[in-house]
Amino acid sequence: MFWQLDTIGDGLVTCLSWVPDGRHIVVGWNNSHVEIWDFTTNGKLTTLRGGHKSKVSSQAWNNNHTLTTRAMDGGGNAKLLHIWDRRKSMASATKWLYRLEEHTSSIRALAWCPFQANLLVTRGESGDGCMKFWNTHTGAYLNSIDTSSQICALLWNKYERELLSCHGGFTKNQPTLWKYPSIMKTVELTGHTSRVLFMAQSPDNCTMALATVGAEATIRFRMFSGILDWLNVLLKHYVNHLLTLIISDDENQILALIIRLCG
Numbered sequence: 000m001f002w003q004l005d006t007i008g009d010g011l012v013t014c015l016s017w018v019p020d021g022r023h024i025v026v027g028w029n030n031s032h033v034e035i036w037d038f039t040t041n042g043k044l045t046t047l048r049g050g051h052k053s054k055v056s057s058q059a060w061n062n063n064h065t066l067t068t069r070a071m072d073g074g075g076n077a078k079l080l081h082i083w084d085r086r087k088s089m090a091s092a093t094k095w096l097y098r099l100e101e102h103t104s105s106i107r108a109l110a111w112c113p114f115q116a117n118l119l120v121t122r123g124e125s126g127d128g129c130m131k132f133w134n135t136h137t138g139a140y141l142n143s144i145d146t147s148s149q150i151c152a153l154l155w156n157k158y159e160r161e162l163l164s165c166h167g168g169f170t171k172n173q174p175t176l177w178k179y180p181s182i183m184k185t186v187e188l189t190g191h192t193s194r195v196l197f198m199a200q201s202p203d204n205c206t207m208a209l210a211t212v213g214a215e216a217t218i219r220f221r222m223f224s225g226i227l228d229w230l231n232v233l234l235k236h237y238v239n240h241l242l243t244l245i246i247s248d249d250e251n252q253i254l255a256l257i258i259r260l261c262g
């Protein structure tokens, strides 16, 4: 066994996440508590209480100090999102920094903006259908976009000022790309026959993987953005081995790419 917490009597673990410093880990419990542990010493540093009334269902770090948590209880508490400052919570573990309460249904997903540290976007369940934007430095509610569809997942593009939303309920179940801060719809990725529930961006920030479930049950890979910059890197290393390269007129897709690997 690599690592084990001494958690006898605390209840059931409902979620885990690493602090970006790689040294600490946060544990969410079904008793509404959130604990911060030091991985190197196996010691508990603090317990965050008072934010939730039921099990903590998810958490996400923006940096080494700012944590968001949400609960899942099927009631009004599930509509609440809490922002914690780890430095302040070490001294006062029963007080969150901000409580965000504009959603009309349970909060199902959240995403921190990679290019603006204080910007957070959240989405509600099928009865809500809105993306909501928050300033986490002040706790201010900034904007809301009604997508008229269930939002299954949210993902910021690390390469451009764009936000991708995945849906179930649109006629084409299409993931949609939004420009920020105008929140103008720029691209709809069609071709999915069922809800798109999960997505991830590659480490080079140029390729996006979309996973769907249901009748389709497929994983699709698409170019997210920055294709020309990605090609510049590719050609720098393989210019003498490139046989064929064809891109679409809108420069968003590689239609054909053949590279000679030997010789």
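Residue 0 is where the sequence shown starts when you use numbering that gives the first Met the number 0, and the numbers rise one by one after that.
Glycine included, C-beta positions come from ideal geometry on N, C-alpha and C.
Considering only Glu101, Leu176, Thr135, Cys165, the residue with the shortest C-alpha distance to serine 143 is Glu101. The alpha-carbon separation between arginine 86 and glutamate 215 amounts to approximately 46 Å. The three-state secondary structure of arginine 86, taken from DSSP, is helix. The secondary-structure analysis by DSSP pairs histidine 166 across a beta bridge with Ile150. Checking the DSSP bridge columns, you'll see phenylalanine 132 partnered with Val120, Asn142.
The beta-carbon distance between threonine 121 and leucine 80, rounded to whole angstroms, is 6 Å. This is short enough to meet the 8 Å contact definition. At a Cβ-Cβ threshold of 7 Å, proline 202 and lysine 157 do not count as neighbours. If you draw a straight line from the Cα of tyrosine 140 to the Cα of asparagine 30, it comes to about 29 Å. Of the other Cβ atoms in all chains shown, 16 or more fall within 10 Å of the Cβ of proline 174; this residue is therefore buried. Pairing histidine 166 with serine 148 gives a Cβ-Cβ distance under 7 Å. Here lysine 94 carries a coil assignment [DSSP, helix/strand/coil].
Here the alpha carbon of valine 12 sits roughly 23 Å from the alpha carbon of alanine 152. By the 16-neighbour rule on beta-carbons within 10 angstroms, isoleucine 182 is exposed. Annotation: the continuous beta strand (DSSP E) that includes serine 56 extends over 55-60.
In the three-state DSSP reduction, lysine 184 falls in the strand class (E or B).
Judged by their CB atoms, valine 33 and valine 18 are not nearer to each other than the 7 Å cut-off. Taking 8 Å as the upper bound for CB-CB distance, threonine 39 and glycine 50 are not in contact here, some 27 Å apart.
Shown here for threonine 103: same chain residues with a beta carbon closer than 6 Å to its own, the five before and five after excluded, namely Asp127 in chain order. Here the alpha carbons of threonine 45 and serine 193 stand approximately 43 Å from one another. If you draw a straight line from the Cα of glycine 138 to the Cα of leucine 118, it is about 10 Å long.
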